[in-house]
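First to last, the sequence lines map onto chains R and B.
Residue numbering for the first sequence follows this note's numbering, starting at 23 and increasing by one per position.
Residue numbering for the second sequence follows this note's numbering, starting at 27 and increasing by one per position.
Each residue gets a CB set at the ideal place from its N, CA and C atoms; glycine is no exception.
Comments concern the structure below.
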Amino acid sequence: SLPLLQAKRKRNSLNLLELSEAELEEQFVRGDGPGGQATNKTNNCVVLKHIPSGIVVKCHQTRSVEKNRKLAREILQEKVDLFYKGEDSDVFKEKKALEKQKQEKKRRAKENLERKKFFKEMQQLDKE
Amino acid sequence: GLVTAIDMVNYWQKVFKTNGIPEARESSQYIVSFVLGAKTFQSLDSKSLHTPLTALHQEQIQQLSHKRLQRMPVQYVLGEWDFQDLTLKMRPPVFIPRPETEDLVSLVVEEEFQKCENSALGFPVPVPRPVILEIGCGSGAIALSLLCKLPQPNMFTCTQKQFPGEGLDSELIGKMLGLRASCHSFTFLGSAKQLLLWGPIDVIVSNPPYIFHEDMASLDAEILRYEDLDALDGGDDGMRVIKTILALAPSLLKASGSVFLEVDPRHPNMVEHWLQVHPDLQLTLHATHKDFCGKPRFLHIQKQSS
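Written as structure tokens, this is what we have:
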């Protein structure tokens, strides 16, 4: 079968556990039809299972089967990494970092708002 | 009342099911997603799913759904469909690319990149401007994908028919030419001599009509009513066009050049046998590859090295 996947990936500097094709079980919702030219079914959903951990991922993000297969493997790789490594997983760390960034942004925005409010009130007092 | 995307999907799914339309759920999901500017229902965010739809959106969904009620394939209803990284125009009766064919493209790309590694110099040398011929290009899915993925190929396509306003999207080709690739179109068979002016070909690729004639009548209404049946019917043994391509290949291919074909799962043995009884062609079946459903679907035929 085709090596369309490079499961060993360092995407966005994330260091994730490799997934080997032998550990994966893939299913497509295609029905029993003859396939190929004789069929025109549009369901391109990919269901991908990591056998050792039992984690299952369903991907119907795009209208291309090949892209859904690639995406399913990316998503599955992240979930499997998280499953085995927990808080040591780069996936976990990245999520935490993003959450922190978001909270920082919120805090700063709140401070700015309060500062503006304060100066506005000061201006009002000056006028009176 | 207020109607959300989810409501619309559920409503039209019921209508489709009641009217015996296959893939009732998928059809309604694709139509609603399309009207909301997304490719698939799963890719819509929670906000889009629960926001009430405008009257215009509801009307657009209705118009498209009425086409689907006539058994028009979803790809023609939307007027577009995706193939690997491309979004292509879809207009009846131009043949709709099947998902299996994405793997045919991957096979060709893999073969070309393997050539780099087998360089006699001991280090990878990219093949300068591979010459590729696609026979029977339809919507252009295969040719355009190869133009994107191969290093500046010289791409030739030929087709027996060109429907008005069809053929390879000229705007897309313009972008491809920006990649310093080239693309030329010819009509079938008469083109053989013209092609040879460019020199021998590295790869012939084709998804030829390969359905056995006796199986045509049992195809779904979506196919029979809307698609070009000549793009499907391969004659009594499904091999009429396959044989034509293989008979033509030796005069066009370089030594050790390849032919990649998508075929019916019954064809690998038939083709292998046919090549054996036509040794003058000097072609051998190098490999058979399965599609993502595990069916033998792709043939890699090679011209012997002289």
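Run through DSSP, which three-state label would residue i get?
i: glutamate 128/B; result: helix
i: phenylalanine 141/R; result: helix
i: lysine 127/R; result: helix
i: leucine 112/B; result: strand
i: glutamine 49/R; result: strand
i: histidine 304/B; result: coil
i: cysteine 174/B; result: helix
i: valine 289/B; result: coil
i: serine 111/R; result: coil
i: arginine 97/B; result: coil
i: glutamate 342/B; result: Look at the range of chain B in this structure, 27 to 332, and you will see that residue 342/B is not part of it.
i: valine 120/B; result: coil
i: threonine 44/B; result: helix
i: isoleucine 73/R; result: coil
Should residue i and residue j be called a contact, given that it needs their Cβ atoms to be closer than 8 Å?
i: valine 113/R; j: leucine 120/R; result: no
i: leucine 245/B; j: leucine 272/B; result: no
i: valine 134/B; j: valine 229/B; result: yes
i: alanine 243/B; j: arginine 97/B; result: no
i: leucine 114/B; j: alanine 167/B; result: yes
i: isoleucine 87/B; j: valine 61/B; result: yes
i: serine 59/B; j: leucine 70/B; result: yes
i: alanine 275/B; j: lysine 329/B; result: yes
i: leucine 161/R; j: valine 102/R; result: This structure cannot settle anything about residue 161/R, because the visible part of chain R is limited to 23 through 150.
i: phenylalanine 286/B; j: phenylalanine 324/B; result: yes
i: leucine 159/B; j: leucine 278/B; result: yes
i: glutamine 99/R; j: asparagine 90/R; result: no
i: valine 69/R; j: lysine 80/R; result: yes
i: aspartate 254/B; j: phenylalanine 121/B; result: yes
From the DSSP output, read off the bridge partner residues of residue i.
i: tryptophan 38/B; result: Per DSSP, none; premise fails for tryptophan 38/B.
i: glutamine 328/B; result: Ser284/B, Thr310/B
i: glutamate 43/R; result: DSSP, once it has assigned bridges, lists no residue as partnering glutamate 43/R.
Where residue i and residue j are concerned, what is the direct C-alpha to C-alpha distance, given to the nearest angstrom?
i: isoleucine 249/B; j: proline 99/B; result: 8 Å
i: glycine 283/B; j: lysine 107/R; result: 48 Å
i: glycine 320/B; j: glutamate 85/B; result: 41 Å
i: isoleucine 77/R; j: phenylalanine 140/R; result: 53 Å
i: serine 54/B; j: tyrosine 37/B; result: 9 Å
i: valine 41/B; j: valine 35/B; result: 10 Å
i: asparagine 251/B; j: asparagine 233/B; result: Here residue 251/B is arginine; the residue named in the question, asparagine, does not match the sequence. Approximately 21 Å, taken between the alpha carbons.
i: glycine 264/B; j: proline 177/B; result: 34 Å
i: leucine 205/B; j: arginine 117/B; result: Any reading at leucine 205/B needs caution, since the residue's pLDDT is 46, under 50, leaving its predicted position unreliable; the model's value is listed next. Roughly 27 Å separates the two Cα atoms.
i: valine 270/B; j: tyrosine 102/B; result: Per the sequence presented here, residue 270/B reads as threonine, with valine not at that position. Looking at the two C-alpha atoms, the distance is approximately 30 Å.
i: threonine 64/R; j: threonine 66/B; result: 11 Å
i: threonine 185/B; j: aspartate 259/B; result: 15 Å
i: glutamine 145/R; j: arginine 129/R; result: 25 Å
i: lysine 73/B; j: lysine 117/R; result: 22 Å
i: leucine 79/B; j: lysine 71/R; result: 36 Å
i: glutamine 125/R; j: glycine 162/B; result: 56 Å
i: tryptophan 300/B; j: lysine 280/B; result: 21 Å
i: alanine 44/R; j: glutamate 96/R; result: 16 Å
i: glutamate 136/B; j: threonine 183/B; result: 20 Å
i: proline 294/B; j: isoleucine 268/B; result: 11 Å
i: glutamine 39/B; j: alanine 50/B; result: 5 Å
i: isoleucine 289/B; j: arginine 155/B; result: Strictly speaking, residue 289/B in this sequence is valine, with isoleucine absent from that position. Rounded to the nearest angstrom, the two C-alpha atoms are 27 Å apart.
i: leucine 93/R; j: glutamate 128/B; result: 15 Å
i: leucine 28/B; j: serine 132/B; result: 46 Å
i: serine 111/R; j: glutamine 123/R; result: 19 Å
Can you give me, in chain order, the residues of the segment 88-108 of chain B that have a beta carbon less than 8 Å from any beta carbon in chain R?
Listed by position, the residues of the segment 88-108 of chain B near chain R (Cβ gap below 8 Å) are Pro99, Val100, Gln101, Trp107, Asp108.
Quick one, which residues of the segment 120-146 of chain B are near chain R if we go by CB-CB under 9 Å, in chain order?
Closer than 9 Å at the C-beta level to chain R, one finds these residues of the segment 120-146 of chain B: Phe121, Ile122, Arg124, Pro125, Glu126, Thr127, Glu128, Asp129, Val131, Ser132, Leu133, Glu136.
Within 9 Å of chain R by C-beta, residues of the segment 268-287 of chain B in sequence order:
none
Taking a Cβ distance cut-off of 7 Å, strictly less, list which residues of the segment 245-262 of chain B are near chain R, in chain order.
The segment 245-262 of chain B vs chain R, Cβ under 7 Å: Leu245, Asp246, Glu248, Ile249, Leu258.
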